[in-house]
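**Student:** Numbering (full-length UniProt numbering), first residue to last: 1 to 261. Glycine is no exception: its CB is placed at the ideal position from the N, C-alpha and C atoms.
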């Protein structure tokens, strides 16, 4: 695909999906800014794709604001924000003593950073006349992963946020979607990769996920959450509708300004 003259900001750009996306989009003509907290890796990828590196912590809202500002300052606009930074949660189940610092770190990277990144990117996308935000959620945003409940919590929240914000911004020419990959061969599963291999469990590659990213970027939908599974064609997940009020209730919509249920 051609991304000539498009400007893309990628969080978590130093490795995994972010680095693979940077290489693919830059090869298609995009100008790429990469945000990551690991200076050495993000600088190496930025040099490889003739982009530029921004070092910072995505759990700090000022980092997202700074990243968008520096991207616009360097390239003059922003067309796509790929909010991809992520981390695993660990057990943190209800019968464990809560490690509050770890809990906040997981929520900060997986959820807060998507909110911060969206809020920072939207004004820039408006200035550009429209654009796209794509967040990396997970299959754990569509189904529960019992071994990692906090990770599941954050990814479900990203899915809900994308669906709501995508609908909210639909009239402004700003599309907001999510990628929901299954288990992938990235540094996030490094400690468990041997177990996946021993079980002959099929893992996604980073290229599989970037293939889906390109489908999202080329599409016209918004508020969609695309599942990505080995051997299957990626497409938006079809959510079942929530049952409406029982028969006899005259209105199915709350009054304007009403509190949500």
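Which residue wins for smallest C-alpha separation from residue 208, given the options 234, 225 and 223?
**Tutor:** Among 234, 225 and 223, the Cα nearest to that of residue 208 is on 234.
**Student:** Tell me which same chain residues have a C-beta within less than 7 Å of the C-beta of residue 260, skipping the five on either side of it?
**Tutor:** Here residue 260 scores only 46 on pLDDT, less than 50, and its place in the model is too uncertain to base an answer on.
**Student:** Who pairs with residue 172 in a beta bridge, going by DSSP?
**Tutor:** Answer is none; residue 172 lacks a bridge partner.
**Student:** Closest to residue 309 by C-alpha separation, out of 123, 35 and 45, would be which residue?
**Tutor:** Residue numbering for the chain in the displayed model covers 1 to 261; residue 309 lies beyond these limits and cannot be assessed.
**Student:** From residue 115 to residue 12, what distance separates their C-alpha atoms?
**Tutor:** If you take the alpha carbons of residue 115 and residue 12, they lie about 15 Å apart.
**Student:** Does residue 181 pass the burial test, meaning 16 or more other C-beta atoms within 10 Å, or should it be called exposed?
**Tutor:** So residue 181 ends up on the buried side.
**Student:** Can you tell me the Cα-Cα spacing of residue 86 and residue 107, whole angstroms?
**Tutor:** Those two C-alpha atoms are separated by around 9 Å.
**Student:** Go ahead and pull the three-state DSSP assignment for residue 285.
**Tutor:** The requested residue 285 is not part of the displayed model; the chain covers only 1 to 261.
**Student:** In whole angstroms, give me the CA-to-CA distance for residue 34 and residue 204.
**Tutor:** Between residue 34 and residue 204, the C-alpha separation is close to 23 Å.
**Student:** For the alpha helix (DSSP H) that residue 125 lies in, which residues bound it at each end?
**Tutor:** 113 to 127 is the span of the alpha helix (DSSP H), which, as asked, contains residue 125.
**Student:** When the distance is taken between beta carbons, is residue 226 closer than 8 Å to residue 178?
**Tutor:** Yes, these two residues count as a Cβ contact at 8 Å.
**Student:** Between residue 308 and residue 153, how many whole angstroms is the CB-CB distance? I'm expecting something under 8 Å.
**Tutor:** Limits of the chain in this structure are 1 at one end and 261 at the other, which puts residue 308 out of reach.
**Student:** Per DSSP, residue 134 forms a beta bridge with which residues?
**Tutor:** Paired residues: 82 and 177.
**Student:** Based on DSSP bridge pairs, tell me the residues matched to residue 236.
**Tutor:** DSSP, once it has assigned bridges, lists 226 as partnering residue 236.
**Student:** Under the rule that 16 or more other beta-carbon atoms within 10 Å means buried, what is residue 30, buried or exposed?
**Tutor:** Buried is the call here.
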